[in-house]
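Structure first, commentary second.
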Amino acid sequence: MSTAMSKSKQRVQANIDPQLKSDAEYIIDEVGLTPTAVINGLYREIVATGKIPLSFSLTPEQRADMAVRQASEKVPVRKLRSKKEIEDFFNED
202 MSTAMSKSKQ RVQANIDPQL KSDAEYIIDE VGLTPTAVIN GLYREIVATG KIPLSFSLTP
262 EQRADMAVRQ ASEKVPVRKL RSKKEIEDFF NED
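Under my numbering, residues 202 to 294 are what the sequence shown spells out, in order.
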């Protein structure tokens with residue numbers, strides 16, 4: 202990294218739970234931002250207001266999409282290799 206770059210920008214690092222990171226980055230992407238943009242916006246808001254804001258949110262539709270995505274991650278994947286296995290799968294109660 203050049204000296205000029207290190208004077209104009211500084212890196213912020215944090216340890217974070219992998220699932221929390223994945224969920225948060227999904228939301229950040231859904232609203233069309235990057236993690237860097239969110240962190241910069243957060244820092245600017247803290248400086249401007251003197252407090253830590255906690256009002257970031259998704260639309261109800263985006264929250265529903267996220268809930269479906271999270272629920273589908275918990276569904277076990279079963280490989281169906283034959284026509285009989287497929288028929289049995291769809292005929293299960």
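The beta carbon of each residue, even a glycine, is placed where N, CA and C say it ideally should be. Keep in mind it's a predicted model, so treat the numbers as computed, not measured.
To the nearest angstrom, report how far apart glutamate 286 and tyrosine 227 are at their CA atoms. Position 85 of the sequence shown holds residue 286. Position 26 of the sequence shown holds residue 227. Glutamate 286 and tyrosine 227 have their C-alpha atoms some 34 Å from each other.
If the criterion is Cβ atoms closer than 8 Å, does the pair isoleucine 229 and proline 236 meet it? Walking along the sequence shown from the start, residue 229 turns up at place 28. Walking along the sequence shown from the start, residue 236 turns up at place 35. Their beta carbons are under 8 Å apart, which means isoleucine 229 touches proline 236 by this criterion.
In three-state DSSP terms, what is asparagine 216? As a first step, residue 216 must be located in the sequence shown, where it is residue number 15. Reduced to three states, the DSSP call for asparagine 216 is coil.
For alanine 215 and proline 254, I'd like the C-alpha separation in whole angstroms. Here residue 215 is taken as the residue at index 14 of the sequence shown, counted from 1. Here residue 254 is taken as the residue at index 53 of the sequence shown, counted from 1. Approximately 18 Å, taken between the alpha carbons.
Just how far apart, CA to CA, sit valine 269 and valine 276? Here residue 269 is taken as the residue at index 68 of the sequence shown, counted from 1. Here residue 276 is taken as the residue at index 75 of the sequence shown, counted from 1. Using only the alpha carbons, I get a separation of about 11 Å.
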